[in-house]
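Chemist: Dumping the structure here so I can ask a few things about it.
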Amino acid sequence: MARLKLSLDSQSLGEYTMNKERYTVGRLADNDIRLDSPAVSGHHALIINILNDSFLEDLNSTNGTYVNGKLIRKHALQDGDVITCGHHQLRFVDDLSSSMANAAAAATQVMTPSEHKAPAKGAPESHPPAKARLQVLSGDAAGHELELTKTLTTIGMPGAQVAAVTHRADGFYLIHLESAQPNDYPLVNGTSIGIATHRLHDGDVITLAGIKMAFLASAT
546 MARLKLSLDS QSLGEYTMNK ERYTVGRLAD NDIRLDSPAV SGHHALIINI LNDSFLEDLN
606 STNGTYVNGK LIRKHALQDG DVITCGHHQL RFVDDLSSSM ANAAAAATQV MTPSEHKAPA
666 KGAPESHPPA KARLQVLSGD AAGHELELTK TLTTIGMPGA QVAAVTHRAD GFYLIHLESA
726 QPNDYPLVNG TSIGIATHRL HDGDVITLAG IKMAFLASAT
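Be aware that the sequence shown starts at 546, since it is given in the numbering used here, and climbs by one per residue.
Structural data, given as structure tokens:
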């Protein structure tokens with residue numbers, strides 16, 4: 546389970562376990578994580594947790610939200626990321642991700658060269674797509690394309706239905722963020738993705754907020 550470690554001027558102020566879907570960060574008392582500082586906006590940032598994924602979004606704060614020293618609007622959080630709001634820092638700790646990375650490293654170290662098997666002759670190699678884009682298939686914007694160049698790209702219509710496409714080392718994934726109606730999830734090839742993170746494949750057709758778009762990927 547993911548955690549946030551709060552500090553100010555290198556002094557630890559507490560820890561928050563990410564056991565809810567949404568956490569607001571800000572100066573006002575109604576925030577889940579309250580930062581009592583005039584440098585922090587009333588409602589400064591939002592963290593959304595869906596299964597094993599966590600997303601950070603700046604809520605149009607006055608002084609901005611930073612991750613690892615870089616100003617962000619939206620960001621897919623990774624283990625070890627340091628969020629800065631005003632003078633406060635929140636270190637994101639993903640215990641599951643860290644454990645999986647350690648296990649993978651250990652497994653790689655004990656493998657002998659003979660265990661790294663090459664694909665059979667003539668068999669296609671599996672390469673995660675390095676580049677991708679969305680092509681709008683319906684509506685007034687039909688034919689337009691959106692290059693997926695960021696780690697996290699939000700798509701859809703705020704107030705109606707919003708999702709995000711995340712770019713990871715092993716490919717691109719679609720995840721539901723919000724919708725006006727309960728249990729109204731994006732469709733991929735006509736099937737609801739539910740609350741799960743859905744891996745995208747070249748040619749998949751996404752239906753979101755009444756608009757259809759094709760996911761087009763390239764391995765090079």
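Here a beta-carbon is modelled for each residue, glycine too, at the ideal position from N, C-alpha and C.
1. Using CA coordinates, which residue listed in G735, T711, L693, P673 is at the minimum distance from L601?
2. Can you list, in chain order, the residues of its chain whose CB lies under 7 Å from that of T607, leaving out five sequence neighbours each side?
3. By Cβ distance below 7 Å, which residues in the same chain neighbour L616 in space, the five residues on each side in sequence not counted?
4. Can you tell me which of Q634, L549, Q556, I756 puts its alpha carbon nearest to the alpha carbon of Q680?
5. Check for me: the beta strand (DSSP E) holding I592 runs from which residue to which?
6. At what residues does the beta strand (DSSP E) containing T699 begin and finish?
7. Closest to L635 by CA distance: which of R548, G748, F717, E692 is it?
8. With three or more beta-carbon pairs closer than 8 Å as the criterion, would you say the region 722-735 touches the region 675-694?
9. Give the secondary structure of E560 by DSSP, where H, G and I count as helix, E and B as strand, and everything else as coil.
10. Indicate whether T699 and I720 have their beta-carbon atoms separated by less than 8 Å.
11. With DSSP as the reference, please indicate the residues paired to A677 in a beta bridge.
12. Roughly how many whole angstroms lie between the Cα atoms of A754 and L693?
13. In terms of residues, what are the limits of the beta strand (DSSP E) holding Q726?
14. In the DSSP assignment, the beta strand (DSSP E) including D767 goes from what residue to what residue?
15. Going by DSSP in three states, S606 sits in which element: helix, strand or coil?
16. Between the alpha carbons of I578 and C630, how many angstroms are there, rounded?
17. Quick one: what's got a C-beta closer than 6 Å to A709's C-beta in the same chain, skipping five residues either side?
Modeler: By the coordinates alone:
1. T711
2. S586
3. G609
4. I756
5. 590-595
6. 697-702
7. R548
8. no
9. strand
10. no
11. A762
12. 19 Å
13. From DSSP, Q726 is part of no beta strand (DSSP E); its letter is neither H nor E.
14. With the chain running from 546 to 765 in the structure shown, residue 767 is simply not present.
15. coil
16. 11 Å
17. L697, T699, I720, L722
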